[in-house]
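First to last, the sequence lines map onto chains A and B.
So in this note's numbering, spot 96 of the first sequence is number 115, and the numbers just go up one at a time.
So in this note's numbering, spot 77 of the second sequence is number 118, and the numbers just go up one at a time.
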Amino acid sequence: EAPQCGYQSCQPLKDGFVNVHLVPHTHDDVGWLKTVDQYYYGANNTIQNAGVQYILDSVMDELKKDPNRRFIYVETAFFWKWWIHQQDFVKHQVKAFVNSGQLEFIGGGWTMNDEATTHYHSIVDQMTWGLRKLNDSFGECGRPKIGWQIDPFGHSREMASIFAQLGFDGLLLGRIDYEDKVNKFATKTMEMVWKGSDNIDAEIFTGAMYNTYAPPSGFCFDIMCNDEPLVDDKRSPLYNIDRKIDDFFAHLDNMTKVYTTSNVILTMGEDFHYQDAHTWFKNLDKLIYYANQRQENGSKY
Amino acid sequence: FKDNDRFNVLYSTPSCYIRAVNEAAAAQNVEFTVKTDDFFPYASETHAYWAGYFTSRPNLKRNERLGNNLLQAAKQLASFSKINGV
Chain A
20 EAPQCGYQSC
30 QPLKDGFVNV
40 HLVPHTHDDV
50 GWLKTVDQYY
60 YGANNTIQNA
70 GVQYILDSVM
80 DELKKDPNRR
90 FIYVETAFFW
100 KWWIHQQDFV
110 KHQVKAFVNS
120 GQLEFIGGGW
130 TMNDEATTHY
140 HSIVDQMTWG
150 LRKLNDSFGE
160 CGRPKIGWQI
170 DPFGHSREMA
180 SIFAQLGFDG
190 LLLGRIDYED
200 KVNKFATKTM
210 EMVWKGSDNI
220 DAEIFTGAMY
230 NTYAPPSGFC
240 FDIMCNDEPL
250 VDDKRSPLYN
260 IDRKIDDFFA
270 HLDNMTKVYT
280 TSNVILTMGE
290 DFHYQDAHTW
300 FKNLDKLIYY
310 ANQRQENGSK
320 Y
Chain B
42 FKDNDRFNVL
52 YSTPSCYIRA
62 VNEAAAAQNV
72 EFTVKTDDFF
82 PYASETHAYW
92 AGYFTSRPNL
102 KRNERLGNNL
112 LQAAKQLASF
122 SKINGV
């Protein structure tokens, strides 16, 4: 059957509504407080509780349960370590997720490189190395379309130029100067066209994110977080759907004040999240269901 | 927010989001501002400018640059070695 990845696989939007794009993700530093291998295997967890092999296993199990679920993965260095250890059965399953657009590679370099101290030569090499592995393994459906620089401390114009020349359709940023951000909120200019070069055609649509790369306060459902889970049993004393959906909509209301179109993106994940992907997806399923229920039920809630 | 006639929530990806933004912008005649400079320096709050790392660990920084030079030379020699009849 023909692959349905890429833009064809996008969920339908609803006209006349603000479409709220929930993007489940995990930010996996390729070495930081622990080494690459310690992060991959989940060793030395007293330093930081993080094990990427468990994240990828667990996410694949959760994607199986519902074709509407989505996940993005960014750091090919970790993905490749995991991929080469998988049985054929798992590889076929992962290919199916990539072909259906349930699993999408974003960024796709060997790592999410720094933009201040890197040489453009090395950036091209590390992007090529990651993209080569994805291309060899998944073909066109494994090709990232979006730059995902959510953690680098500042952003260079050359990086925008490189992404544009890689053929990417857009770039999303996490960290911009706090005063710049205040100004962009006030002037509704969080989204822009970044002209990466004076000399060549290197324009790329660029968006700065509302909350760096974290979920809204109160909506972190990872095992590493302590936010209350969504309790939808009305007979339970812990029932909280009405209040949580109100909180969620209040957050969205604030977001729509600073973005220009009828779309907002919510980054649902943080550093090394989804080691137990079930706690995230279980609650996101409910969040989507009960938020959209109000469209039909009106004032019933 | 009793009557939700505003929000539609869905699982999505950055590419689906950006496509939606661009299509909505075209439909609503939104013109994005054009940026031609960079995003340096980065400050997360007052008196917290992240410019120290431009120079931190100078030995490591130098070793990476030297490593890059060696890698490029090695790649060139490896490709020359495959040329026949030279």
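Just so it is clear, CB atoms sit at the ideal spot from N, CA and C, and this is done for glycine as well.
Model, not experiment: these values are computed from the prediction.
With 8 Å as the threshold, decide whether the Cβ of residue i is near any Cβ in chain A.
i: valine 50 of chain B; result: yes
i: asparagine 41 of chain B; result: The question about residue 41 of chain B has no answer here: the residues shown for chain B are numbered 42 through 127.
i: aspartate 61 of chain B; result: Residue 61 of chain B is actually alanine in this sequence, not aspartate. So yes, alanine 61 of chain B belongs to the interface.
i: proline 55 of chain B; result: yes
i: phenylalanine 121 of chain B; result: no
i: arginine 103 of chain B; result: no
i: asparagine 70 of chain B; result: no
i: glutamine 117 of chain B; result: no
i: alanine 84 of chain B; result: yes
i: alanine 66 of chain B; result: yes
i: asparagine 100 of chain B; result: no
i: phenylalanine 42 of chain B; result: Residue placement at phenylalanine 42 of chain B is flagged as unreliable, the pLDDT there being 49, under the threshold of 50; the coordinate-derived value follows with that caveat. So, interface residue.
i: asparagine 125 of chain B; result: no
Determine which residues share a DSSP beta bridge with residue i and list them.
i: proline 43 of chain A; result: A/Met287
i: glutamate 86 of chain B; result: B/Ala89
i: asparagine 49 of chain B; result: A/Asn38
i: methionine 274 of chain A; result: Note: methionine 274 of chain A sits in no beta bridge, so no partner.
i: glycine 166 of chain A; result: A/Leu190
i: leucine 122 of chain A; result: A/Phe90
i: valine 75 of chain B; result: A/Val212
Between residue i and chain B, is any beta-carbon pair separated by less than 8 Å?
i: asparagine 68 of chain A; result: no
i: isoleucine 307 of chain A; result: yes
i: arginine 89 of chain A; result: yes
i: tryptophan 167 of chain A; result: yes
i: aspartate 314 of chain A; result: A small fix is needed here, since residue 314 of chain A is glutamine in this sequence, not aspartate. It does: the Cβ of glutamine 314 of chain A has a partner Cβ on chain B nearer than 8 Å.
i: lysine 33 of chain A; result: yes
i: glutamine 30 of chain A; result: yes
i: glycine 189 of chain A; result: yes
i: phenylalanine 224 of chain A; result: yes
i: glycine 158 of chain A; result: no
i: tyrosine 197 of chain A; result: yes
i: serine 77 of chain A; result: no
i: valine 212 of chain A; result: yes
i: asparagine 38 of chain A; result: yes
i: alanine 310 of chain A; result: yes
i: lysine 110 of chain A; result: no
If residue i sits next to residue j, beta carbons under 8 Å apart, how far is it from one beta carbon to the other, in whole angstroms?
i: serine 54 of chain B; j: arginine 254 of chain A; result: The displayed chain sequence assigns threonine, not serine, to residue 54 of chain B. With a Cβ gap of about 37 Å, threonine 54 of chain B and arginine 254 of chain A do not count as contacting.
i: phenylalanine 81 of chain B; j: alanine 135 of chain A; result: 7 Å
i: arginine 47 of chain B; j: phenylalanine 238 of chain A; result: Incorrect: roughly 18 Å between the Cβ atoms, too far for contact.
i: serine 9 of chain A; j: tyrosine 293 of chain A; result: Any question about residue 9 of chain A goes unanswered here, given that chain A covers just 20 to 320.
i: glutamate 123 of chain A; j: isoleucine 91 of chain A; result: 5 Å
i: asparagine 63 of chain B; j: phenylalanine 224 of chain A; result: 6 Å
i: tyrosine 52 of chain B; j: leucine 41 of chain A; result: 6 Å
i: glycine 120 of chain A; j: glutamine 23 of chain A; result: 6 Å
i: alanine 65 of chain B; j: threonine 280 of chain A; result: 4 Å
i: threonine 74 of chain B; j: methionine 274 of chain A; result: Contact doesn't hold; Cβ gap of about 19 Å is too wide.
i: proline 235 of chain A; j: phenylalanine 267 of chain A; result: 7 Å
i: glutamine 30 of chain A; j: asparagine 87 of chain A; result: 7 Å
Who are the Cβ neighbours of residue i in its own chain at under 7 Å, not counting the five residues just before and after it?
i: threonine 130 of chain A; result: Val49, Glu94, Ala96 and Gln145
i: tyrosine 60 of chain A; result: Gly70 and Gln72
i: aspartate 295 of chain A; result: Ser77 and Ile242
i: asparagine 38 of chain A; result: Leu32, Ser281 and Asn282
i: asparagine 132 of chain A; result: Ile142 and Gln145
Enumerate in chain order the residues of its own chain whose CB-to-CB distance from residue i is below 8 Å, with the five nearest sequence positions on each side excluded.
i: tyrosine 232 of chain A; result: His44, His46, Ile169, Asp170, Gly193, Thr286, Gly288 and Glu289
i: lysine 53 of chain A; result: Ala62, Asn63, Ile66, Gln67 and Ala69
i: asparagine 259 of chain A; result: Glu247, Leu249 and Val250
By the three-class DSSP mapping on this structure, what secondary structure does residue i have?
i: glycine 226 of chain A; result: strand
i: glycine 25 of chain A; result: helix
i: glutamine 106 of chain A; result: coil
i: isoleucine 195 of chain A; result: coil
i: lysine 100 of chain A; result: helix
i: glutamine 117 of chain B; result: helix
i: phenylalanine 204 of chain A; result: helix
i: tryptophan 213 of chain A; result: strand
i: asparagine 282 of chain A; result: strand
i: valine 250 of chain A; result: coil
i: leucine 107 of chain B; result: helix
i: tryptophan 129 of chain A; result: coil
i: tyrosine 293 of chain A; result: coil
i: proline 171 of chain A; result: coil
i: phenylalanine 236 of chain A; result: A small fix is needed here, since residue 236 of chain A is serine in this sequence, not phenylalanine. Serine 236 of chain A: coil per DSSP, three-state reduction.
i: alanine 66 of chain B; result: helix
i: tryptophan 51 of chain A; result: coil
i: glutamine 30 of chain A; result: coil
Ignore the nearest five residues each way along the sequence and tell me which others in residue i's own chain have a CB closer than 6 Å to its CB.
i: glycine 215 of chain A; result: Arg176, Ala179, Ser180, Ala183 and Ala221
i: valine 55 of chain A; result: Val49
i: leucine 185 of chain A; result: none
i: tryptophan 91 of chain B; result: Tyr83
i: asparagine 118 of chain A; result: Pro22, Cys24 and Cys160
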